[in-house]
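Participant: For the record, the sequence lines run as chains A and B.
Residues in the first sequence are numbered consecutively from 9, following our numbering.
Residues in the second sequence are numbered consecutively from 158, following our numbering.
Handing you this structure, nothing more for now.
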Amino acid sequence: MEQIAEIVISLLLVAAGIFGLVGSYGLLKLPDTMSRLHAPTKATTLGVGGVLIASMLYFWIFRDTLSWHELLITMFLLLTAPITANFIAKAHLHRFGNADDLPDTQTDHIWATFEDEAEELQPVMTRTTPKPAPPKADH
Amino acid sequence: MIHYALIFAFSCFGLGLLFNLYRIFVAPGVVDRVLALDTMVINIIALLVLYGISSHSGVYFEAALLFAMTGFVSTVAYCKFILRGDIIE
């Protein structure tokens, strides 16, 4: 039984290491920012998940303590990775994005980030355009 | 066997950290640097948990959890700063 557990934990650790390395290497290798966003947010998160499951199994089988911290960390990472990815993509679109490069949305609206009406709404994360100076009063 | 797997995983994530460091120094734009920093935090969490396994101690999970939270908050704050030029308006 312990032999099998050892094999499973080792396999999980090796797979996690490979995933983590692939994620970090993709950050260097992929051609542009939007595709570079894929590597760390998916592969590296999977790698960390593998490490955490391996750690949970290890402490459960060899130390007889079932700790829930790992599950907490995994859940937290899986919840936050998409949010950070979305935020970074949005920041990229605002700074360097070109609306013509994006695919069609297939609806009546353009991409929400570039919509001008959004400027007047209260949730404020829109592209900032400099306002024209108010006309000076004639004397 | 776990020992060797641990060494392999340690070296993988360490190499990943070096890649991220390179990306922080050599990047086409500030967004890539934020992304590299975020990946760095994730790699450090993995390294902390691996160190916890190799030293048979559960203390490092709290450290990893703290790292996860501060990493998330700092990435969001950084992106917000890029988006708006201000963090709390």
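Positions of the beta carbon are idealized from the N, C-alpha and C atoms, including for glycine.
Got a sec: which bits of the region 176 to 207 of chain B sit with their beta carbon under 8 angstroms from any beta carbon on chain A, in order along the chain?
Facilitator: Under the 8 angstroms Cβ criterion, the region 176 to 207 of chain B contributes 176, 177, 179, 180, 185, 186, 187, 188, 189, 191, 192, 193, 195, 196, 199, 200, 202, 203, 206, 207.
Participant: For residue 233 of chain B, would you say it is in contact with chain A, using Cβ-to-Cβ distances shorter than 8 angstroms as the test?
Facilitator: By one-based count along the second sequence, residue 233 of chain B stands at place 76. At least one chain A Cβ lies under 8 angstroms of residue 233 of chain B.
Participant: Check each residue of the region 93 to 116 of chain A: if its Cβ is closer than 8 angstroms to any Cβ of chain B, include it; give the result in chain order.
Facilitator: Per Cβ criterion, the list reads 95, 96, 98, 99, 100, 102, 103, 104.
Participant: Per the contact definition of three or more C-beta pairs closer than 8 angstroms, is the region 30 to 42 of chain A in contact with the region 167 to 176 of chain B?
Facilitator: Yes: the two stretches touch, three or more of their Cβ pairs being nearer than 8 angstroms.
Participant: Count the CB pairs spanning the region 93 to 108 of chain A and the region 177 to 191 of chain B that are closer than 8 angstroms, and state whether there are at least three.
Facilitator: Yes, they touch.
Participant: Evaluate residue 9 of chain A with the Cβ neighbour count: other Cβ atoms within 10 Å of its Cβ, from every protein chain shown; 16 or more gives buried, anything less gives exposed.
Facilitator: In the first sequence, counting from the first residue as 1, residue 9 of chain A sits at position 1. Classification of residue 9 of chain A: exposed, given that the 10 Å Cβ count is below 16.
Participant: Apart from the five residues on each side of it in sequence, which residues of its chain come closer than 8 angstroms, Cβ to Cβ, to residue 91 of chain A?
Facilitator: The residue labelled residue 91 of chain A in the question sits at position 83 within the first sequence. Contacts found: none.
Participant: By alpha-carbon positions, which one of B:218, B:211, B:231 ends up nearest to residue 79 of chain A?
Facilitator: Taking the first sequence and counting its residues from 1, the one referred to as residue 79 of chain A is at position 71. It is B:218 whose Cα lies nearest to the Cα of residue 79 of chain A.
Participant: Suppose the cutoff is 6 angstroms on Cβ atoms and the five residues either side in sequence are ignored; what does the same chain contact list for residue 237 of chain B look like?
Facilitator: Translated into the one-based positions of the second sequence, residue 237 of chain B becomes position 80. Around residue 237 of chain B: 244.
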